[in-house]
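S.K.: Can you read through this structure? Questions will come right after.
There are 2 protein chains.
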Amino acid sequence: MKLSADIIEQRLSHWPVARLATLNTSGQPHQVPIVFVWRAGKIWSPVDGKPKHGTPLSRVRNALANPAASILLDQYDEDWSQLWWLRVDVKLEIIYLDGANEITRSEAQEAIAGLKQKYPQYKTTAVLNEPPTLLAMTPIKYRSWRAK
Amino acid sequence: MKLSADIIEQRLSHWPVARLATLNTSGQPHQVPIVFVWRAGKIWSPVDGKPKHGTPLSRVRNALANPAASILLDQYDEDWSQLWWLRVDVKLEIIYLDGANEITRSEAQEAIAGLKQKYPQYKTTAVLNEPPTLLAMTPIKYRSWRAK
């Protein structure tokens, strides 16, 4: 069974974590857990102050070479009748705040405010690193499943 | 920071859920949560009796066309100092039990026993659908991260 449109909206608005899959230039799928916020019809994820591997991050390098990406929200539960997942095929754009045009910058500022509201952890962790960078993901296709 | 070899072994042995990323034939990354068991140096996941979309499953169709896949284990926690992930680049093979040679069949039987032991849910859910099919994933590269 599928998730209803209402539940999809609710999960995108409130679920705390997603898994992002991109492709590296050798064609190898790459996954990483991300925090995100749902704003202006896009899924936004910051390159934030949590400790990181490498500069630039693989997710950024991969998206610059190939914008086709996948977002997965799901919950594991020992009661398998409670299982569900939501997969979104997305077009992933890298937004460098300093170089963005006014419309994009204003959308990004809203997303940053949304991230701070959704995650109180950003009171003590920087929401953006230098250079200020966001992943902006536009949904292309939704697919969902629930056990019952 | 990375996870130690001991912790990696422990997570692969006991963590209940992973996310699998494959590639479809249009080059779009595809993700799905899976249950799995770690046996004989491989990550095994069954095409089990949980309700499913489509036949054959996308993950199976994708792997038959392209064995490059990614496995992600991670735990989200509101305390961001507890975050960690383990990513494994894998070569994904589809094992049809009925057509497998003796060595493969014996490995697969061990994996099935391991799945039943790890997941008591298989007392009431079939561990294999028809035709009996397993995903066997051989690790190629490990990458891990923990916040502290």
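One line per chain: the protein sequences are Y and E, in this order. Here the first sequence is numbered in my numbering, starting from 1 and rising by one per residue. Here the second sequence is numbered in my numbering, starting from 1001 and rising by one per residue. Every residue gets a Cβ at the ideal spot worked out from N, C-alpha and C, and that includes glycine.
1) Please check the pair Asn1129 of chain E and Val1047 of chain E, which I expect to be a contact at CB under 8 Å, by giving their CB distance rounded to whole angstroms.
2) Is there a Cβ from chain Y that is less than 8 Å from the Cβ of Pro1131 of chain E?
3) Using a Cβ cut-off of 7 Å, pull out every chain E residue sitting near Tyr142 of chain Y, in sequence order please.
4) On the three-state DSSP scale, how would you describe Leu1134 of chain E?
5) Does His1053 of chain E get closer than 8 Å to chain Y when you measure Cβ to Cβ?
6) Since Ala68 of chain Y and Leu115 of chain Y are thought to touch, with beta carbons under 8 Å apart, how far apart are those beta carbons, to the nearest angstrom?
7) Does DSSP put Gln31 of chain Y in a helix, in a strand, or in coil?
8) Kindly list the residues whose CB is nearer than 6 Å to the CB of Asn1066 of chain E, restricted to its own chain and excluding five residues on each side of it in sequence; keep chain order.
9) Checking 8 Å against the spacing of the C-beta atoms, do Asp1098 of chain E and Trp1084 of chain E come in under that value?
10) Given that Gly27 of chain Y touches chain E, what residues does it touch there, using C-beta distances under 9 Å?
11) What's the C-alpha gap between Leu64 of chain Y and Gln1121 of chain E?
12) Tell me whether Glu110 of chain Y sits in a helix, a strand or coil according to DSSP, three-state version.
13) Which ranges would you report for the beta strand (DSSP E) in the segment 31-67 of chain Y if only whole runs of at least 3 residues count?
14) Who are the near neighbours of Ser45 of chain Y in its chain, counting only those whose CB is closer than 6 Å to its CB and skipping five residues on each side?
15) Counting only the same chain and skipping the five closest in sequence on each side, list residues whose C-beta sits under 6 Å from that of Lys1002 of chain E.
16) If the cut is a Cβ gap below 8 Å, which residues of chain Y does Trp1080 of chain E touch?
17) First and last residue of the alpha helix (DSSP H) that includes Leu83 of chain Y?
18) Taking His1030 of chain E as the query, report the chain Y residues whose CB atoms sit under 7 Å from its CB, ordered along the chain.
19) Taking C-beta pairs closer than 7 Å, name the residues in chain E that Asp74 of chain Y reaches, listed in chain order.
20) So, under 8 Å CB-CB, Arg59 of chain Y and Val32 of chain Y are touching, yes? Tell me the CB distance rounded to an integer number of Å.
21) Counting only the same chain and skipping the five closest in sequence on each side, list residues whose C-beta sits under 6 Å from that of Arg39 of chain Y.
22) In or out: His1014 of chain E buried (at least 16 other Cβ within 10 Å) or exposed?
23) Closer than 8 Å by C-beta to Lys1148 of chain E: which residues in its own chain qualify, once you throw out the five before and the five after it? Chain order, please.
24) With 16 as the cutoff for other CB atoms within 10 Å, does Gln89 of chain Y come out buried or exposed?
25) Determine, for Arg59 of chain Y, whether the minimum Cβ-Cβ distance to residues of chain E falls below 8 Å.
26) Tell me the rounded alpha-carbon separation between Lys50 of chain Y and Gln10 of chain Y.
M.R.: According to the structure data:
1) Position 129 of the second sequence holds residue 1129 of chain E. Position 47 of the second sequence holds residue 1047 of chain E. Taking C-beta atoms under 8 Å as the contact rule, Asn1129 of chain E and Val1047 of chain E qualify, at a distance of about 5 Å.
2) Numbered from its first residue, the second sequence carries residue 1131 of chain E at position 131. No, Pro1131 of chain E does not count as interfacial toward chain Y.
3) Start at 1 with the first residue of the first sequence, and residue 142 of chain Y comes out as number 142. From the beta-carbon of Tyr142 of chain Y, no residue of chain E is found nearer than 7 Å; the closest lies around 13 Å away.
4) Residue 1134 of chain E sits at position 134 when you count from the first residue of the second sequence. Here Leu1134 of chain E sits in strand by DSSP.
5) Start at 1 with the first residue of the second sequence, and residue 1053 of chain E comes out as number 53. Yes, contact with chain Y.
6) As a position in the first sequence, residue 68 of chain Y is number 68, starting the count at 1. As a position in the first sequence, residue 115 of chain Y is number 115, starting the count at 1. Actually they are not in contact, since the Cβ atoms of Ala68 of chain Y and Leu115 of chain Y sit about 24 Å apart, beyond 8 Å.
7) Taking the first residue of the first sequence as 1, we reach residue 31 of chain Y at position 31. Strand.
8) As a first step, residue 1066 of chain E is located in the second sequence; it is residue number 66 there, counting from the start. Taken in chain order, the residues that qualify are Leu1023.
9) In the second sequence, counting from the first residue as 1, residue 1098 of chain E sits at position 98. In the second sequence, counting from the first residue as 1, residue 1084 of chain E sits at position 84. No; because the gap between Cβ atoms is not below 8 Å, this pair is not in contact.
10) Indexing the first sequence from 1 puts residue 27 of chain Y at position 27. Contact annotation for Gly27 of chain Y against chain E: Leu1023, Gly1027, Asn1066 and Ala1068 [CB-CB distance below 9 Å, chain order].
11) Here residue 64 of chain Y is taken as the residue at index 64 of the first sequence, counted from 1. Here residue 1121 of chain E is taken as the residue at index 121 of the second sequence, counted from 1. The C-alpha of Gln1121 of chain E is placed about 42 Å away from the C-alpha of Leu64 of chain Y.
12) Counted from its first residue, the first sequence places residue 110 of chain Y at position 110. If DSSP states are grouped into helix, strand and coil, Glu110 of chain Y belongs with the helices.
13) Segments of the beta strand (DSSP E) lying fully in the segment 31-67 of chain Y: 37-39 and 42-46.
14) Residue 45 of chain Y sits at position 45 when you count from the first residue of the first sequence. Excluding sequence neighbours, Ser45 of chain Y sits near Ile34, Phe36 and Leu135.
15) The count along the second sequence starts at 1 and reaches residue 1002 of chain E at position 2. Cβ within range, chain order: Ser1144.
16) Residue numbering aside, residue 1080 of chain E sits at position 80 when the second sequence is read from its first letter. By Cβ distance, chain Y contributes Lys50, Gln121 and Thr125.
17) Start at 1 with the first residue of the first sequence, and residue 83 of chain Y comes out as number 83. No alpha helix (DSSP H) contains Leu83 of chain Y, which DSSP labels as neither H nor E.
18) Within the second sequence, numbered from 1, the residue matching residue 1030 of chain E stands at position 30. Neighbours of His1030 of chain E on chain Y, chain order: Ser70.
19) As a position in the first sequence, residue 74 of chain Y is number 74, starting the count at 1. Per Cβ cutoff of 7 Å: Pro1033.
20) Taking the first sequence and counting its residues from 1, the one referred to as residue 59 of chain Y is at position 59. Taking the first sequence and counting its residues from 1, the one referred to as residue 32 of chain Y is at position 32. For Arg59 of chain Y against Val32 of chain Y, the beta-carbon gap comes to about 6 Å, under 8 Å, which counts as contact.
21) The count along the first sequence starts at 1 and reaches residue 39 of chain Y at position 39. Cβ neighbours of Arg39 of chain Y beyond the five flanking positions: Glu110, Ala111 and Gly114.
22) The residue labelled residue 1014 of chain E in the question sits at position 14 within the second sequence. His1014 of chain E should be labelled exposed.
23) Within the second sequence, numbered from 1, the residue matching residue 1148 of chain E stands at position 148. Annotation for Lys1148 of chain E: Met1001 and Ser1081 place their beta carbon closer than 8 Å to its own, counting only its chain and skipping 5 residues before and after.
24) Mapped onto the first sequence, residue 89 of chain Y falls at position 89. For clarity, residue 89 of chain Y is Asp in the given sequence; the question names Gln instead. Buried, because 16 or more other Cβ atoms sit within 10 Å of the Cβ of Asp89 of chain Y.
25) The residue labelled residue 59 of chain Y in the question sits at position 59 within the first sequence. Residue contact check for Arg59 of chain Y against chain E: no CB pair falls below 8 Å.
26) Reading the first sequence from its first residue, position 50 is the one you call residue 50 of chain Y. Reading the first sequence from its first residue, position 10 is the one you call residue 10 of chain Y. Cα to Cα, the separation comes out at about 26 Å.
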